[in-house]
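Each number in the numbering used here corresponds to the 1-based position in the sequence shown with 11 added. Think of the CB as a built atom: it goes at the ideal place given N, C-alpha and C, for glycine as much as any other residue. Note that this is a predicted model, so its numbers are computed, not measured.
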Amino acid sequence: MKKIRLGVNIDHVATVRNARGVSYPSPLRAALLAEKYGADSVTIHLREDRRHIREDDLKSIKSRLKIPLNLEIAATKEMLRIALKYKPPFICIVPEKRKEVTTEGGLNLNFNKIFLKKIIYKLKKNKIRVSLFIEPNLKDINKAKLLNADCIEIHTGKFCNLVNESKNFSNELNKIKKAVLLADSIGLEVHAGHGLTYKSAKILSNTIGIKEFNIGHFLIGESIFLGLGNTIKQFKKNIK
Ligand code: PXP
C-alpha cells in the first residue's frame, strides 16, 4: 500500500511572527526545513484578513520551495486573482468566516455554486489541481464531482475532537470511511485534515483511500518541543 503523503501547514509560524509584528520566525525558513525533513508538500492559507500568512510569504515560498505548495484560499475574486498570479500547483478552496478562530467546517457547496464552478474552471485551465474542503458527507462528495474538482479534503475536526476528548469516535470514523470510499470510487483524490494529532492521524491512516494529510496546528506546536524535523519524522512514522 502506498504511503499517505504528509502536507505540513506552516500558518502558525506566521501567527507567532505576527504576534510581535517582527520578521521572525520565518515561514519561508519553516517551509524549507519541512521540505528538508521529508514533508511531501507545504500548505499555507492566505486568509482575507491576513492574520497569519501574507502575500509576501506566498511569493517567497512559491519561488524557493521545490516540493509542491498547496495554497488554501476562500472562493473570492481577490483570492482567484492572487492564485492566478502565483500559480501554485495545488489550491484548496476553503470556507472563511472573519470571526472564526480556525476553519470551522467544510464548504457549503449549495452557496455560490456558479462562482465556485467558475473558479475551479479557471484554476484548472491554469494547470492548478483543485481540492474542495468539505465535510464527510456523501451529498457534498457528489457535488464536488459535479463541480469538476480534482480532489476533496475531508474536514476531520469533529473526529479529532472526539479522539482528543477520549469519546466514542466510531460514528464519525464510519462517516469518514464511507465518504472516502465514495470519493475514491468516482475519481476524486482524497485528502484529510484539520485538528489532526499523532493519535488521530494514526487511527485515520488505516482508512484505505486517503492519499494525503494536511497537518498544521498540532505539528507546529509539537515542534517547539521536538523540533520540526523530529516532529515530521514522528508523523511520517504514524501514518505509514
Ligand atoms: N486542511 C485545511 C483545509 C485547513 O484549512 C487547515 C487549517 O485550518 C488544515 C488542514 C490544518 O488544520 P490544523 O492546523 O488543525 O492541523
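#1: In terms of alpha-carbon separation, which member of A42, E89, R62 and I55 lies closest to R31?
#2: Roughly how many angstroms separate the alpha carbons of I64 and K178, rounded to a whole number?
#3: Under DSSP, the alpha helix (DSSP H) around V174 begins and ends at which residues?
#4: Based on the DSSP secondary-structure assignment, which residues constitute the bridge partners of I165?
#5: Closer than 8 Å by C-beta to G116: which residues in its own chain qualify, once you throw out the five before and the five after it? Chain order, please.
#6: Mapping DSSP to helix, strand and coil, what is F101?
#7: Do I243 and A42 have their beta-carbon atoms positioned less than 8 Å apart in this structure?
#8: From which residue to which residue does the alpha helix (DSSP H) around G18 run?
#9: Count the other CB atoms, across all protein chains shown, that sit within 10 Å of the CB of E121; report buried if there are 16 or more and exposed otherwise.
#10: Take the Cβ of N119 as the centre, count every other Cβ of all protein chains shown within 10 Å, and call the residue buried at 16 or more, exposed below.
#11: Report the start-end ranges of each beta strand (DSSP E) in the stretch 54 to 133 that is 3 residues or longer and not cut off at the edges.
On the basis of the data shown:
#1: Here residue 31 refers to the residue found at position 20 of the sequence shown. Residue R62 is the option with its Cα nearest to R31.
#2: As a working note, residue 64 is residue 53 in the sequence shown. As a working note, residue 178 is residue 167 in the sequence shown. The alpha-carbon atoms of I64 and K178 are separated by roughly 34 Å.
#3: The residue labelled residue 174 in the question sits at position 163 within the sequence shown. Looking at the DSSP string, the run of the alpha helix (DSSP H) that includes V174 is G168 to N175.
#4: By one-based count along the sequence shown, residue 165 stands at place 154. DSSP lists I145 and A203 as partners of I165.
#5: Against the sequence shown, residue 116 aligns to sequence position 105. Cβ neighbours of G116 beyond the five flanking positions: P106, E146, H166 and G168.
#6: The residue given as residue 101 occupies position 90 in the sequence shown. Three-state result, F101: strand.
#7: Position 31 of the sequence shown holds residue 42. Position 232 of the sequence shown holds residue 243. No. Outside cutoff.
#8: Within the sequence shown, residue 18 is the residue found at index 7, counting from 1. Note, G18: premise wrong, no alpha helix (DSSP H); beta strand (DSSP E) at R16 to N20.
#9: In the sequence shown, counting from the first residue as 1, residue 121 sits at position 110. It is worth fixing the name first, because residue 121 is Asn in this sequence and not Glu. The residue in question, N121, is exposed, as its Cβ has fewer than 16 Cβ neighbours within 10 Å.
#10: As a working mapping, residue 119 is identified with position 108 in the sequence shown. With fewer than 16 Cβ atoms within 10 Å of its Cβ, N119 is classed as exposed.
#11: 80 to 84 and 101 to 104
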